[in-house]
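Taken in sequence, the protein lines are chains A and B. In short: position in the first sequence from 1, add 72, done, that's our numbering. In short: position in the second sequence from 1, add 91, done, that's our numbering. Just so you know, even glycine gets a beta-carbon here, dropped at the ideal spot from N, CA and C.
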Amino acid sequence: MGSLNDLIKQQQKMLNKPEEEEKTEEVEQLVGFIIGEEEFAVPILSIQEIIKPIEWTRVPFVPEYVLGVFNLRGTVLPLIDLRKKFNAPSAEIDENTRFIVMKIQNENVAFVIDRLTSAIRIPKKYIAPPPETYNNEEELISGVGRLEENRIITILNVDNLIKKEEIVPSKN
Amino acid sequence: MDEMQELLEDFLIEAFEMIEEMDQDLVELENNPDDLELLNKIFRVAHTIKGSGSFLNFDKLTRLTHHMEAVLDRARKGELKITPEIMDVILESVDAMKAILEYIRDNGSDEAPEIDIEPIVEKLDAITKGKSVSQTENKSESSKKDNEKVGNINLDEITLDNIDEMDLDSLSPEELDKILDKLVEDVNSTPKEETQETEENKLENKEDISKQENEVSKVPQKSASKIPSKQAQKNALKKHITTTEQTIRVDVKRLDELMNLIGELVLAKNRLIKIYNDVEERYEGEKFLDELNQVVSSISIVTTDLQIAVMKTRMLPIGKVFNKFPRLVRDLSRELGKKVKLIIEGEETELDKSIIEEIGDPLVHMIRNSVDHGIESPEERIKKGKPETGTVWLRAYNEGNMIVIEIKDDGKGMDPEKLKEIAIKKGIITPTEAENMNDKEAFMLIFKPGFSTAEKVTNVSGRGVGMDVVKTNIEKLNGIIEVDSIPGKGTTFKLKIPLTLAIIQALLVASQEDLFAVPLSNVIETVRIVEEDIYTVEGKSVLKLRDEVLPLVNMADIFEIEKILEPEKYLYVVILGLGASKVGLIVDRFIGQEEIVIKSLGEFLKGIPGIAGATIRGDGRVTLIVDVGTLMKLAKKTHNKKIVTDSLNESKKKKEKPSDYTVMIVDDSAMDRKIMHQAIDELGVNIIEAKDGLEALNLLKQNDIDAMLIDIEMPRMDGYTLAQEIRKYNKYRKLPLIAVTSRATKSDRVRGVEVGMNEYITKPYTKEYLQNVVRRNLKL
Numbered sequence: 073m074g075s076l077n078d079l080i081k082q083q084q085k086m087l088n089k090p091e092e093e094e095k096t097e098e099v100e101q102l103v104g105f106i107i108g109e110e111e112f113a114v115p116i117l118s119i120q121e122i123i124k125p126i127e128w129t130r131v132p133f134v135p136e137y138v139l140g141v142f143n144l145r146g147t148v149l150p151l152i153d154l155r156k157k158f159n160a161p162s163a164e165i166d167e168n169t170r171f172i173v174m175k176i177q178n179e180n181v182a183f184v185i186d187r188l189t190s191a192i193r194i195p196k197k198y199i200a201p202p203p204e205t206y207n208n209e210e211e212l213i214s215g216v217g218r219l220e221e222n223r224i225i226t227i228l229n230v231d232n233l234i235k236k237e238e239i240v241p242s243k244n
Numbered sequence: 092m093d094e095m096q097e098l099l100e101d102f103l104i105e106a107f108e109m110i111e112e113m114d115q116d117l118v119e120l121e122n123n124p125d126d127l128e129l130l131n132k133i134f135r136v137a138h139t140i141k142g143s144g145s146f147l148n149f150d151k152l153t154r155l156t157h158h159m160e161a162v163l164d165r166a167r168k169g170e171l172k173i174t175p176e177i178m179d180v181i182l183e184s185v186d187a188m189k190a191i192l193e194y195i196r197d198n199g200s201d202e203a204p205e206i207d208i209e210p211i212v213e214k215l216d217a218i219t220k221g222k223s224v225s226q227t228e229n230k231s232e233s234s235k236k237d238n239e240k241v242g243n244i245n246l247d248e249i250t251l252d253n254i255d256e257m258d259l260d261s262l263s264p265e266e267l268d269k270i271l272d273k274l275v276e277d278v279n280s281t282p283k284e285e286t287q288e289t290e291e292n293k294l295e296n297k298e299d300i301s302k303q304e305n306e307v308s309k310v311p312q313k314s315a316s317k318i319p320s321k322q323a324q325k326n327a328l329k330k331h332i333t334t335t336e337q338t339i340r341v342d343v344k345r346l347d348e349l350m351n352l353i354g355e356l357v358l359a360k361n362r363l364i365k366i367y368n369d370v371e372e373r374y375e376g377e378k379f380l381d382e383l384n385q386v387v388s389s390i391s392i393v394t395t396d397l398q399i400a401v402m403k404t405r406m407l408p409i410g411k412v413f414n415k416f417p418r419l420v421r422d423l424s425r426e427l428g429k430k431v432k433l434i435i436e437g438e439e440t441e442l443d444k445s446i447i448e449e450i451g452d453p454l455v456h457m458i459r460n461s462v463d464h465g466i467e468s469p470e471e472r473i474k475k476g477k478p479e480t481g482t483v484w485l486r487a488y489n490e491g492n493m494i495v496i497e498i499k500d501d502g503k504g505m506d507p508e509k510l511k512e513i514a515i516k517k518g519i520i521t522p523t524e525a526e527n528m529n530d531k532e533a534f535m536l537i538f539k540p541g542f543s544t545a546e547k548v549t550n551v552s553g554r555g556v557g558m559d560v561v562k563t564n565i566e567k568l569n570g571i572i573e574v575d576s577i578p579g580k581g582t583t584f585k586l587k588i589p590l591t592l593a594i595i596q597a598l599l600v601a602s603q604e605d606l607f608a609v610p611l612s613n614v615i616e617t618v619r620i621v622e623e624d625i626y627t628v629e630g631k632s633v634l635k636l637r638d639e640v641l642p643l644v645n646m647a648d649i650f651e652i653e654k655i656l657e658p659e660k661y662l663y664v665v666i667l668g669l670g671a672s673k674v675g676l677i678v679d680r681f682i683g684q685e686e687i688v689i690k691s692l693g694e695f696l697k698g699i700p701g702i703a704g705a706t707i708r709g710d711g712r713v714t715l716i717v718d719v720g721t722l723m724k725l726a727k728k729t730h731n732k733k734i735v736t737d738s739l740n741e742s743k744k745k746k747e748k749p750s751d752y753t754v755m756i757v758d759d760s761a762m763d764r765k766i767m768h769q770a771i772d773e774l775g776v777n778i779i780e781a782k783d784g785l786e787a788l789n790l791l792k793q794n795d796i797d798a799m800l801i802d803i804e805m806p807r808m809d810g811y812t813l814a815q816e817i818r819k820y821n822k823y824r825k826l827p828l829i830a831v832t833s834r835a836t837k838s839d840r841v842r843g844v845e846v847g848m849n850e851y852i853t854k855p856y857t858k859e860y861l862q863n864v865v866r867r868n869l870k871l
């Protein structure tokens, strides 16, 4: 019985902790993942779901990073390879590969990532604007977060990840 | 206020429906001026619109229809004979009425400043009065009398029998207005209630209206409460709605939603059938299969029926469009001084609402064209020994999943040589192109932009709009145009249009490894050819098919698909047709015909040239649907810059000596690999080794492999699964797979064949035997 009580206490402690934290400072909730050598993250609220890879269909006349389209429970979604988008060398799909479905401009779009890391709670004060040295012309990056043990995550600007005019040029 | 809005909407829908019918009836009336039934029908329409219009306070509309009604009423009573001149005036007033109604629809009032009804009203009045002055005088006298008597009349005495004695026509518009104002006031103060109506009721209502109108005309000064008008007015409006048919109006959006859901169901059904087929293969002879089969077929039948039923709710008879053409032809022939008879057939043929809306304009244009350019003047016709009156046939019928609309005339026809001449003069084609053109292709020239055969520009056609607009419109509907003409005898146009746009029949084809769905409505035929059938004319590839020469393009070139398949002896060609043009599309395989549901590719991928959308197949995979319109444009571009025979040879690789070949050995035992390696090494081919199925699959993708030796029992992925995976790829469809295993039972072998193994070698084997098998499979 004692152990159960401990457990409940522990849980309560955990439940209360975030609240206390939020009272003192604003916290950003992110989901981290690996693409190539780097760890990226996106706000947890922009994620619709995370699924295991499904077969996709190629689509002609689109940039290389648009792998094609696939069927997610009856809806046809575009699939974007973030490795190609970030000019990282391409990799085979393995058991860690996931598709992250995110809502961009009210449309669901899936992105291939190498593997998920963890859900991250990071106080806003630890997030710095993207460094000058980054090539951030397209404003793909919204900031850089510093976590314990020198873990650095690049936070992506979800809305800028793909652009319609880049994929299908309006005329020819 | 909302109730009024609702009433207004109902009124408009009804009015437009009635007017549509009226147009046709009027033209018929001109031919049979004595048809009393027809006259009565037309009179009733004018009367009804007047009644509802006045109720809704549309003074201008009421005034116009009132005067129309007067003319029609006299004709109905036999006091007036309908001559073409009178008919012109009536038709003019119908047009004005239409214009006012359209104005009401768009603006909610009938001010319509640009529509001046006074001249028409005058003309109508002249007809009513002018022809028989004495009668008109009589009338006004009698109306005076009526007015005097007004106070004495007992309302209850008025019945259906004595309506005809009353003369509504003699009322001045001002009087009528006053009466109507009062009525409207009364009605507006009463909330609308729904009442169930029976046939009997309806009759009563009719009485009510007539009654009440009489009453009001006689006793404008009587207190409103004495007039049983509130209920009657309401019923009058209800009457129009219920008299039509047992129908309800449904928002098209709801039908669209329903159609979407059915689409999902069709997809699920396709998937179920696919799964059933897989299950059937595996559990052949099992008892539960029968039951499963029954369920699957009944679901499949119900789904199809449901789909047809919903599709039908969206269907309207094409008569809705055809109805306006008798009028059109009549006006045109009068204007052009020609005699033309229009024969309409198959107006009950049904089409999707969205298509009905789009088809009207092109048809108007084509019929104008037939009357203006096709049919000759009466003198000319007599000279040629043809009947004086020309005939235009407008016919609709179903042909498979298409509807065919035929516009045929017995006029002068088209001369292909003359067409070519004009096209050359206008720079549309070159003289060389003209030479290679057959008659059918020459007829198609009229659909080219900038082509107009009319030597003089008339009011009717030849205004520079041209037939190319027709073509564009038909192409929008994924339709096909065919033309046939015999000089001196006449011309036939055939428009073939798909019945519906949401769920379509498609031909599935493979270009290299990619599948595409081509709408079947645009597939004219499919043919198998050999490379020798392809000709190169002026640096462009063409296919001679019977008497036609078609541009030929490889689908892989259009979509820039990498060529990995080696060309085979036979080439498969889809002959695509859209509007007036045709093209031959080389594909690598025909998969078959399937019913598909069109889905959007989403905001980001919308508008990719050549792609209309996507569909989800029975196996859950996505297949792209080609957009025939843009595909044809792309095909033309590709056709101009790429010779098909060159493109076919791109993927041909030369392999002559054994060292050009690579064989992969897949076995988890190092020992077994070594034995095989030694045996095959003597053949002089390259060898790659893999320890299990997964590794083999990866190596296969990275290397150019010509044959595989596969063990069955392996960790991670066994040989059967490996073979199955390999066969999923189109490009490995013909890759020789040789099972090398100690599993020797019959069921093992059968399994091997099932998963796609070409040969089955059981261990132990002799070195020579293995070498022979490999050599045979590599064709060394």
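Buried versus exposed call for residue i [16 or more other C-beta atoms within 10 Å across all chains shown]
i, result
"A:Ile80", "exposed"
"B:Glu100", "exposed"
"B:Arg345", "exposed"
"B:Ser389", "exposed"
"A:Asp166", "exposed"
"B:Tyr367", "buried"
"B:Gln379", "According to the sequence shown, residue 379 of chain B is Phe rather than Gln. Result: exposed."
"B:Val865", "buried"
"A:Arg223", "exposed"
"B:Val628", "exposed"
"B:Glu448", "exposed"
"B:Val393", "exposed"
"B:Asp797", "buried"
"B:Val621", "exposed"
"B:Ile399", "exposed"
"B:Tyr194", "buried"
"B:Gln287", "Note that B:Gln287 scores 44 on pLDDT, short of 50, meaning its location in the model is unreliable; the coordinates nonetheless yield the value given after this. The residue is exposed, with fewer than 16 neighbouring Cβ atoms inside 10 Å."
"B:Gln603", "buried"
"B:Thr338", "exposed"
Residue j beta carbon less than 8 Å from that of residue i
i, j, result
"B:Ile594", "B:Val357", "yes"
"A:Gly108", "A:Ser190", "no"
"A:Val230", "A:Pro115", "yes"
"B:Asp605", "B:Ile652", "yes"
"A:Ile239", "B:Leu696", "yes"
"A:Glu63", "A:Ile225", "Residue coverage of chain A in this structure runs from 73 to 244, which leaves residue 63 of chain A outside it and unanswerable."
"B:Val844", "B:Met799", "no"
"B:Gly847", "B:Arg818", "yes"
Worksheet entry | Segments assigned beta strand (DSSP E), at least 3 residues, entirely inside the stretch 101-164 of chain A | 110-115, 119-123, 138-144, 147-153
Worksheet item: Taking contact to mean at least 3 C-beta pairs separated by less than 8 Å, is the stretch 464-475 of chain B in contact with the stretch 441-453 of chain B?
Response: no
Discussion item. If contact is defined by three or more beta carbon pairs under 8 Å, each pair taking one atom from either stretch, is the stretch 794-810 of chain B in contact with the stretch 666-683 of chain B?
Written reply: no
Discussion item. Would you call the stretch 519-535 of chain B in contact with the stretch 405-418 of chain B, where contact means no fewer than 3 C-beta pairs closer than 8 Å?
Written reply: no
Item to complete: Run through the stretch 609-695 of chain B for me and flag every whole beta strand (DSSP E) of 3 or more residues, listed as ranges in chain order.
Response: 614-621, 625-628, 631-636, 639-645, 661-669, 672-678, 680-688
Discussion item. Quick check for students: name the residue ranges of the alpha helix (DSSP H) that lie wholly in the stretch 92-149 of chain B, counting only runs of 4 or more.
Written reply: 93-122, 127-146
Discussion item. Taking beta-carbon pairs under 8 Å, can you tell me which members of the stretch 761-789 of chain B lie near chain A?
Written reply: Asn789
Discussion item. For the stretch 507-515 of chain B against the stretch 490-499 of chain B, do three or more pairs of beta-carbon atoms, one drawn from each stretch, fall closer than 8 Å, so that the two count as touching?
Written reply: no
Discussion item. Tell me whether the stretch 834-842 of chain B and the stretch 757-773 of chain B touch, counting them as touching only if at least three CB pairs, one residue from each stretch, are closer than 8 Å.
Written reply: no
Worksheet item: Okay, do the stretch 127-143 of chain A and the stretch 699-707 of chain B touch, 3+ Cβ pairs below 8 Å being the bar?
Response: yes
Item to complete: Closer than 9 Å, Cβ to Cβ, to anything on chain A: give me those residues from the stretch 638-654 of chain B, in chain order.
Response: Ile649, Phe650, Glu651, Ile652
Practice prompt. Could you list the residues in the stretch 117-148 of chain A with a C-beta less than 9 Å from some C-beta on chain B, going in chain order?
Written response: Ile126, Glu127, Trp128, Thr129, Arg130, Val131, Pro132, Phe133, Val134, Val138, Gly140, Val141, Phe142, Asn143, Gly146, Thr147, Val148
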